[in-house]
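Asks: What follows is a structure written as structure tokens; I'll ask about it next.
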Amino acid sequence: RGLKDDGYIKNIEKLSLTNSSVSNRTFDAKGIDGLQTVALSGEKGISVTNLANIVDLEVSGFKGNGL
């Protein structure tokens, strides 16, 4: 799922996302302020959209072309 319309993420520097499911996942970074780093891990892919304000992207643990 994700954040509801009134949800938000603020005042964090690093957001770690892990995909432990058998399906690819997507995270939309639109409207997130102050986030410096998104760290992705897992064997399946995670797509991150709207990365314009994100400074660093860390990737680990993926196999094949799932990213």
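Numbering-wise, my numbering comes out as the position in the sequence shown, counting from 1, plus 72. We put the CB at the ideal spot given by N, CA and C, even for glycine.
1. Relative to the C-alpha of Leu107, which residue among Ser95, Phe134, Ile126 is closest?
2. Going by DSSP in three states, Asn83 sits in which element: helix, strand or coil?
3. Name the two residues that bound the continuous beta strand (DSSP E) containing Glu115.
4. Assign Asn91 to buried or exposed, taking buried as 16 or more other Cβ atoms, counted over all protein chains shown, within 10 Å of its Cβ.
5. With 16 as the cutoff for other CB atoms within 10 Å, does Gly133 come out buried or exposed?
Replies: With the structure as the only source:
1. Minimum Cα distance to Leu107 is reached at Ile126.
2. coil
3. Unbroken run through Glu115: none, as it is neither H nor E.
4. buried
5. exposed
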